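Visitor: First the structure, which I've put down as structure tokens, then a few questions once you've had a look.
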Amino acid sequence: GDSVTQMEGPVTLSEEAFLTINCTYTATGYPSLFWYVQYPGEGLQLLLKATKADDKGSNKGFEATYRKETTSFHLEKGSVQVSDSAVYFCALRNSNSGYALNFGKGTSLLVTP
Amino acid sequence: DTAVSQTPKYLVTQMGNDKSIKCEQNLGHDTMYWYKQDSKKFLKIMFSYNNKELIINETVPNRFSPKSPDKAHLNLHINSLELGDSAVYFCASSQTAGGTEAFFGQGTRLTVV
């Protein structure tokens, strides 16, 4: 079945550092890919998405590119802020799973001043 | 105007009790979901309904029973609660089309004592 693998956390960075969170997937067909963010004590919010190969999703300085050849959707940000501290989830959505989101295990990010 | 709202936000109950969590969405979506987030933050799909019909029923104990009275509501009833049911339960909704994102409620933190 489909699956998503994310890099293990926690990740600790200083403010203004460069962020990469790796995400790879296994899926049949043509899934859509997503990054969700969960701030402490809150629900999940969509950060960005890409629906086909070579699409780049971007939002709030975060970017990720749908790479079908490497089955990857790595999240990047050039300069993180303390307010980016949260848990980040990579996910895919595919017709063969009833369109339910299939999540990676999440990566906790802590940004220190 | 809350898009996906679930109640209650916190639920503390004793083992063996029966409890319900309610979810409502005002986005006009035709698909709704219940996810369980364990203590390690891992999110797993439990159920999915499309236009009031059950389309995903993952390996969940039959003590858990979803009910969808209309396509804007998806409630979760849990019988004979066990300690291992303690988790955060998230309701979500989306359009059926695979490229669209799911919107999540704020979560219900269930603690079984």
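So the protein lines, in turn, are chains X and P.
Quick note on our numbering: the first sequence kicks off at 1 and runs consecutively.
Quick note on our numbering: the second sequence kicks off at 1001 and runs consecutively.
For every residue, glycine included, the Cβ atom is placed at its ideal position computed from N, Cα and C.
Note that the structure is a prediction, hence the values are computed from the model and not measured.
1. Below 7 Å on C-beta distance, what does Val87 of chain X contact in chain P?
2. Which one of X:Lys77, X:Thr28 and X:Tyr25 has the shortest CA to CA distance from Ser14 of chain X?
3. What distance in whole Å lies between the Cβ atoms of Ala50 of chain X and Tyr66 of chain X, which are believed to be in contact at a cut-off of 8 Å?
4. For Asp1070 of chain P, name the three-state secondary structure that DSSP assigns.
5. Measuring straight from C-alpha to C-alpha, what distance separates Gln6 of chain X and Leu1054 of chain P?
6. Skipping 5 residues on each side, what residues in its chain have a beta carbon closer than 8 Å to that of Leu110 of chain X?
7. Considering only the alpha carbon of each residue, which of P:Tyr1010, P:Ile1056 and P:Arg1063 lies closest to Trp1034 of chain P?
8. Count the other CB atoms, across all protein chains shown, that sit within 10 Å of the CB of Leu1043 of chain P; report buried if there are 16 or more and exposed otherwise.
9. For the 8 Å Cβ check, are there 3 or more pairs between the segment 1003-1021 of chain P and the segment 95-107 of chain X?
10. Which stretch, first to last residue, makes up the beta strand (DSSP E) that contains Glu76 of chain X?
11. Could you tell me if Ala120 of chain X is buried or exposed, where buried requires 16 or more neighbouring beta carbons within 10 angstroms of its beta carbon?
12. Looking at Thr1031 of chain P: is its Cβ nearer than 8 Å to the Cβ of Gln1095 of chain P?
13. Look up Ser120 of chain X in the DSSP assignment and say whether it is helix, strand or coil.
14. For Lys1022 of chain P, which residues of its own chain have a beta-carbon under 6 Å away from its beta-carbon, when the five flanking residues on both sides are left out?
15. Would you say Phe34 of chain X lies against chain P (beta-carbon separation less than 8 Å)?
16. Can you confirm whether Glu63 of chain X, when its beta carbon is compared against all beta carbons of chain P, has any partner nearer than 8 Å?
17. I'd like to check one pair, Ser1048 of chain P with Glu1024 of chain P: are the Cβ atoms closer than 8 Å?
Guide: The relevant details are as follows:
1. Counting from one through the first sequence, the residue named residue 87 of chain X turns up at place 87. Chain P residues near Val87 of chain X: Lys1041.
2. Mapped onto the first sequence, residue 14 of chain X falls at position 14. Checked all of X:Lys77, X:Thr28 and X:Tyr25; the closest Cα to Ser14 of chain X is X:Lys77.
3. Here the question's residue 66 of chain X lines up with position 66 in the first sequence. Here the question's residue 50 of chain X lines up with position 50 in the first sequence. The Cβ separation is near 4 Å, so the contact holds.
4. Taking the first residue of the second sequence as position 1, residue 1070 of chain P is located at position 70. If DSSP states are grouped into helix, strand and coil, Asp1070 of chain P belongs with the strands.
5. Here residue 6 of chain X corresponds to residue number 6 of the first sequence, with the count starting at 1. Here residue 1054 of chain P corresponds to residue number 54 of the second sequence, with the count starting at 1. Roughly 30 Å between the two C-alpha positions.
6. Counting from one through the first sequence, the residue named residue 110 of chain X turns up at place 110. Correct list, in chain order: Pro10, Val11, Thr12, Leu13 and Ser85.
7. By 1-based counting over the second sequence, the position of residue 1034 of chain P is 34. That would be P:Ile1056, whose Cα lies nearest to the Cα of Trp1034 of chain P.
8. Mapped onto the second sequence, residue 1043 of chain P falls at position 43. It is buried - the Cβ of Leu1043 of chain P has at least 16 other Cβ atoms within 10 Å.
9. no
10. Working through the first sequence from its first residue, we reach residue 76 of chain X at position 76. In the DSSP assignment, Glu76 of chain X falls within the unbroken beta strand (DSSP E) covering Leu75 to Lys77.
11. This structure cannot speak to residue 120 of chain X, because chain X is shown only from 1 to 113.
12. Indexing the second sequence from 1 puts residue 1031 of chain P at position 31. Indexing the second sequence from 1 puts residue 1095 of chain P at position 95. Cβ distance < 8 Å, so Thr1031 of chain P and Gln1095 of chain P count as in contact.
13. The requested residue 120 of chain X is not part of the displayed model; chain X covers only 1 to 113.
14. The residue given as residue 1022 of chain P occupies position 22 in the second sequence. Excluding positions up to five away in sequence, the list reads Thr1007 and Asn1075.
15. Looking up residue 34 of chain X in the first sequence gives position 34. So yes, Phe34 of chain X belongs to the interface.
16. Along the first sequence, one-based indexing puts residue 63 of chain X at 63. Taking Cβ atoms only, chain P never reaches closer than 8 Å to Glu63 of chain X, which makes this a no.
17. By one-based count along the second sequence, residue 1024 of chain P stands at place 24. By one-based count along the second sequence, residue 1048 of chain P stands at place 48. In this structure, Glu1024 of chain P keeps its C-beta atom at 8 Å or more from the C-beta atom of Ser1048 of chain P.
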